[in-house]
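Visitor: Can you read through this structure? Questions will come right after.
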Amino acid sequence: MVKGKPSMGRQKIEMKQIESKEARQVCFSKRHQGLFKKASDLSILCGAMVAIVAFSPTGRPFSFGSPSFRVVIDRFLTLISPATSDESCDASSREANIKHQMSLECSELGQMIEVEKERKERLKEMIECHMDSHTMPLLTTNAYPLVLDELQEFHKKLQTIQDVIKEKIKKVLQEQLPTRPYPLTFMDLASRYQLDEKITTPISSMSLNSIHGLTGGVNVNDSSTNGIHAIGTSMSCAIDQLDG
Numbered sequence: 001m002v003k004g005k006p007s008m009g010r011q012k013i014e015m016k017q018i019e020s021k022e023a024r025q026v027c028f029s030k031r032h033q034g035l036f037k038k039a040s041d042l043s044i045l046c047g048a049m050v051a052i053v054a055f056s057p058t059g060r061p062f063s064f065g066s067p068s069f070r071v072v073i074d075r076f077l078t079l080i081s082p083a084t085s086d087e088s089c090d091a092s093s094r095e096a097n098i099k100h101q102m103s104l105e106c107s108e109l110g111q112m113i114e115v116e117k118e119r120k121e122r123l124k125e126m127i128e129c130h131m132d133s134h135t136m137p138l139l140t141t142n143a144y145p146l147v148l149d150e151l152q153e154f155h156k157k158l159q160t161i162q163d164v165i166k167e168k169i170k171k172v173l174q175e176q177l178p179t180r181p182y183p184l185t186f187m188d189l190a191s192r193y194q195l196d197e198k199i200t201t202p203i204s205s206m207s208l209n210s211i212h213g214l215t216g217g218v219n220v221n222d223s224s225t226n227g228i229h230a231i232g233t234s235m236s237c238a239i240d241q242l243d244g
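With the first letter of the sequence shown counted as 1, position 138 gets the number 138 in UniProt numbering; the numbers rise by one all the way through.
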């Protein structure tokens, strides 16, 4: 009895992409039919709903479904659509909240702009109340080319503005004197500003003995009242100089 060659048995094929394009096409044509056959067997044996879609290397689609491809796909989409809808609703809600917040901020900015415009108009009216329309151009023009008459008129208008400023400073100092003293540096600055030709001595150089009305009944040597005397002295000097 002649012995034949021993059988090698079934060889396991290594799973890797086939290099030849034609061989890949042939393999797909054979294998996808086997895949659909297995899916059909699974559906019959187990009563399962199965759907498979595959695209060939050339891009051609192949599908299988039991009981039908569309029935299985529609059922699958129905199951996942609520989650997708919830995510879409959350995204839409966030977007709506952002738009609402931006709208509120724009509205607030618009109101602030309107308030500033009204404030600007009020300030403009206050300025125009104290000087006519011819004064402002004079303040911003070059005075050297003016003739003598124009210079004299310009000087009168400047004096008018100076008087208005003096009255306003005096009013502010008198109103604030009982409740909120001004800093000494502010008072020294006010004294050095020549609001009147008679002012020649800064407040900081005046002695306490020349001040009347604010130091009466208070011991000037008491260390606890030195700060009060200094503030009162400066305020009184500023008002006296404006009156003078």
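All C-beta atoms, glycine included, are put in the ideal place defined by N, C-alpha and C.
#1: If you measure between the beta carbons of Gly65 and Ala48, is that distance less than 7 angstroms?
#2: If you draw a straight line from the C-alpha of Gln17 to the C-alpha of Glu95, how long is it?
#3: I'd like the ranges of any alpha helix (DSSP H) spanning at least 4 consecutive residues and lying wholly in the stretch 20-97.
#4: Nearest to Lys21 by CA position, among Phe69, Ser56, Asp41 and Lys12, is which residue?
#5: Under the three-state reduction of DSSP, which class applies to Lys16: helix, strand or coil?
#6: Please state if the CB of Phe76 and the CB of His32 are separated by a distance shorter than 7 angstroms.
#7: What does the alpha-carbon distance come out to for the pair Arg10 and Thr78?
#8: Compare the Cα-Cα distances from Arg70 to each of Arg60, Val164, Val53 and Gly59 and report the closest residue.
#9: So, at 7 angstroms on beta carbons, what are the nonlocal neighbours of Cys27 in its own chain, with the 5 sequence-adjacent residues on each side left out?
#10: Enumerate in chain order the residues of its own chain whose CB-to-CB distance from Asp222 is below 6 angstroms, with the five nearest sequence positions on each side excluded.
#11: Which of the three DSSP states, helix, strand or coil, is assigned to Gln111?
#12: Tell me the rounded alpha-carbon separation between Lys120 and Glu114.
#13: Are there 16 or more other CB atoms within 10 angstroms of the CB of Val164, so buried, or fewer, so exposed?
#14: Which class does Val164 belong to by DSSP, given the choice of helix, strand or coil?
#15: Might you give, ordered along the chain, the residues of its own chain that have their beta carbon closer than 6 angstroms to the beta carbon of Met15, omitting 5 neighbours on each side?
#16: Quick check: what's the CA-CA separation for Ser68 versus Gln25?
#17: Grouping DSSP H, G and I as helix and E and B as strand, with all else coil, what is Gln174?
Guide: Reading from the atomic positions:
#1: Taking the first residue of the sequence shown as 1, we reach residue 65 at position 65. Taking the first residue of the sequence shown as 1, we reach residue 48 at position 48. Against a cut-off of 7 angstroms, the Cβ pair of Ala48 and Gly65 comes out as no contact.
#2: In the sequence shown, the residue the question calls residue 17 occupies position 17. In the sequence shown, the residue the question calls residue 95 occupies position 95. Approximately 46 angstroms, taken between the alpha carbons.
#3: For the stretch 20-97, whole alpha helix (DSSP H) runs of length 4 or above, ordered along the chain, are 21-46.
#4: If you number the sequence shown from 1, residue 21 lands on position 21. Of Phe69, Ser56, Asp41 and Lys12, the smallest CA-CA separation from Lys21 is found for Ser56.
#5: Along the sequence shown, read from residue 1 onward, the residue named residue 16 stands at position 16. In this structure, Lys16 counts as coil in the three-state DSSP scheme.
#6: Translated into the one-based positions of the sequence shown, residue 32 becomes position 32. Translated into the one-based positions of the sequence shown, residue 76 becomes position 76. Against a cut-off of 7 angstroms, the Cβ pair of Phe76 and His32 comes out as no contact.
#7: Here the question's residue 10 lines up with position 10 in the sequence shown. Here the question's residue 78 lines up with position 78 in the sequence shown. Going by the C-alpha atoms only, they are around 45 angstroms apart.
#8: Locating residue 70 in the sequence shown gives position 70, where the first residue counts as 1. When only C-alpha atoms are compared, the closest one is Val53.
#9: Here residue 27 corresponds to residue number 27 of the sequence shown, with the count starting at 1. Within the same chain, Cys27 has close Cβ partners Ile18.
#10: By one-based count along the sequence shown, residue 222 stands at place 222. Low local confidence applies: a pLDDT of 45 at Asp222 is under 50, so the model's placement there is unreliable, with the coordinate-based value given in what follows. The beta carbon of Asp222 sits closer than 6 angstroms to none of the beta carbons in its chain outside the five residues before and after it.
#11: Here residue 111 refers to the residue found at position 111 when the sequence shown is read from its first residue. Note: Gln111 maps to helix in three-state DSSP.
#12: For the purposes of this step, residue 120 is taken as residue 120 along the sequence shown, with counting starting at 1. For the purposes of this step, residue 114 is taken as residue 114 along the sequence shown, with counting starting at 1. Straight-line Cα distance between these residues: approximately 10 angstroms.
#13: Position 164 of the sequence shown holds residue 164. The residue in question, Val164, is exposed, as its Cβ has fewer than 16 Cβ neighbours within 10 Å.
#14: On the sequence shown, residue 164 is found 164 positions in, with the first residue counted as 1. In the structure shown, the three-state DSSP call for Val164 is helix.
#15: To locate residue 15, count along the sequence shown from 1; it is residue 15. Same-chain partners within the cutoff: there are none.
#16: Residue 68 sits at position 68 when you count from the first residue of the sequence shown. Residue 25 sits at position 25 when you count from the first residue of the sequence shown. Those two C-alpha atoms are separated by around 26 angstroms.
#17: Translated into the one-based positions of the sequence shown, residue 174 becomes position 174. In the structure shown, Gln174 adopts helical secondary structure according to DSSP, grouped into three states.
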